[in-house]
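Visitor: So for the sequence shown, the working numbering puts the first residue at 617; every next one is plus one.
Pasting in a structure now, in structure tokens, and then I'll have a few things to ask.
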Amino acid sequence: MLRRLCKILLLLLLCAGIGTGCTADPRIVWRATGAPGDLQIRALAVDPQNPQTLYAGLYSHGFQRSEDGGVTWRTHNDGLSLGETSTDNRPRNVRAIAISQTDPNQLFLGSEAGLYRSQNRGNTWQLTYPSESSAEFYYADTIASVVIDGEERFFAGTRAGLFVFADDFWQPTQLLGADFQTSAILIHPDNPRHLLVGTKAAGIFQSEDGGLSWVQIGQPFAERKLWVNELIYDSSGQLLAGTLGDGVYALAADGWQPRNDGLPAAARIWVLYADPETGALYASVSDDR
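Structure follows, in structure tokens:
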């Protein structure tokens, strides 16, 4: 079956003031809009100092930047390779983008071939993990930045576990163990020590001590072997989870509930983004039809 080209979908919230403790059943309806070049978007980031600057990670086409709120896009793939003579296209299968909270010129990018860093807003890229001589790397599905006690840390979720960027190197951690394929990372906006991690088939885990210890809060996802690919808070503070194959879920007072009105059946959620000014949500979605 041919997969539909990934589109950005605008989420219309028809129930205002929805929070984690809301007892009403919120209606969530989706409608399709455009995408840069009608390409498959796997990652999206917005410059916190200039919301008109958007960064998109594309499947097979690398990295694009827009400086006019998404009206026009330019490709910047200089350095997204495994070496000057390599013809391997995996570095341009981008799956994650993170912006430094202390230096907006610094970006990290995760692809199917490695972890890359840019210090000029994506104009050029350098491979930071693994080394160019390494032949093996398990996909990087997510990257997140957190500032704790004045120190910025980057976490990368890969299919070989959770990595942390420290002393200019990516190092594997034992926070969840290498058997946990980590595909989503979320830091609470008001408490940087409060971390959430989504996994493939193992559920959602929460840490309240900056990642030193973890407890599971997403048992239904583990029981159903769902792949949690995205975690975000919406503008009201409600926690949303995007899955690969079962759409969007919201954490309400009575537990995790599906929120898929208007989405295609078996929707794969690649990106979720909440606009802090308008309250609208955006998602990058594909299916198998």
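For every residue, glycine included, the Cβ atom is placed at its ideal position computed from N, Cα and C.
Leaving aside the five residues before and after Leu731 along the sequence, list all residues of the same chain whose C-beta is less than 7 Å from its C-beta, in chain order.
Guide: So the list reads Phe724, Thr744, Tyr745, Ala756, Ala772, Trp786, once near-sequence residues are dropped.
Visitor: DSSP three-state call for Gln717: helix, strand or coil?
Guide: Residue state, collapsed to three classes: coil.
Visitor: Jot down the residue ranges of each uninterrupted alpha helix (DSSP H) in the stretch 811-874, minimum 4 residues, whole runs only, in chain order.
Guide: DSSP runs (the alpha helix (DSSP H)) wholly in the stretch 811-874: 835-839.
Visitor: Tell me, to the nearest whole angstrom, how far the beta carbon of Ala712 is from that of Ile759; I am working on the premise that it is less than 8 Å.
Guide: About 4 Å separates the two Cβ atoms, so the contact holds.
Visitor: Within the same chain, show all residues whose beta-carbon is closer than 6 Å to that of Asp694, passing over the 5 residues directly before and after it, in chain order.
Guide: Contacts found: Thr740.
Visitor: Does the structure place the stretch 874-891 close enough to the stretch 847-865 that three or more beta carbon pairs sit under 8 Å?
Guide: Yes: at least three Cβ pairs fall under 8 Å.
Visitor: Using the C-alpha atoms, what's the distance from Phe770 back to Asn807?
Guide: Each residue's Cα considered, the two are about 16 Å apart.
Visitor: Mapping the DSSP letters down to three states, classify Arg809 as helix, strand or coil.
Guide: Arg809 falls in the strand class under three-state DSSP.
Visitor: Quick one, which of Gln854, Ile820, Gly853, Asp850 has its alpha-carbon nearest Glu839's?
Guide: The candidate whose alpha carbon is nearest that of Glu839 is Ile820.
Visitor: For Trp830 and Phe779, what's the separation of their Cα atoms in angstroms?
Guide: Whole-angstrom Cα-Cα distance: 15 Å.
Visitor: Of the choices His692, Arg706, Leu856, Gly686, whose alpha-carbon is the least far from that of Gln735?
Guide: If we check each option's Cα against that of Gln735, His692 comes out closest.
Visitor: Can the beta-carbon of Val762 be found less than 8 Å from the beta-carbon of Ile803?
Guide: Cβ distance < 8 Å, so Val762 and Ile803 count as in contact.
Visitor: Buried or exposed: which applies to Arg690, given that a residue is buried once 16 or more other Cβ atoms fall within 10 Å of its Cβ?
Guide: Exposed, by the Cβ-count rule.
Visitor: Taking the DSSP output, what are the residues bridged to Gln787?
Guide: Answer is Val780, bridged to Gln787.
Visitor: Comparing alpha-carbon positions, which option in Thr894, Glu768, Thr859, Pro788 lies nearest Ala882?
Guide: Of Thr894, Glu768, Thr859, Pro788, the residue nearest in Cα terms is Thr859.
Visitor: Please report the straight-line C-alpha distance between Ala868 and Ser702, rounded to a whole angstrom.
Guide: Each residue's alpha carbon lies about 48 Å from the other.
Visitor: Among Gly685, Asn709, Ala729, Ala857, whose alpha-carbon lies nearest the alpha-carbon of Gln873?
Guide: Minimum Cα distance to Gln873 is reached at Ala857.
Visitor: When the Cα atoms are used, what is the spatial distance from Pro667 to Arg884?
Guide: Approximately 26 Å, taken between the alpha carbons.
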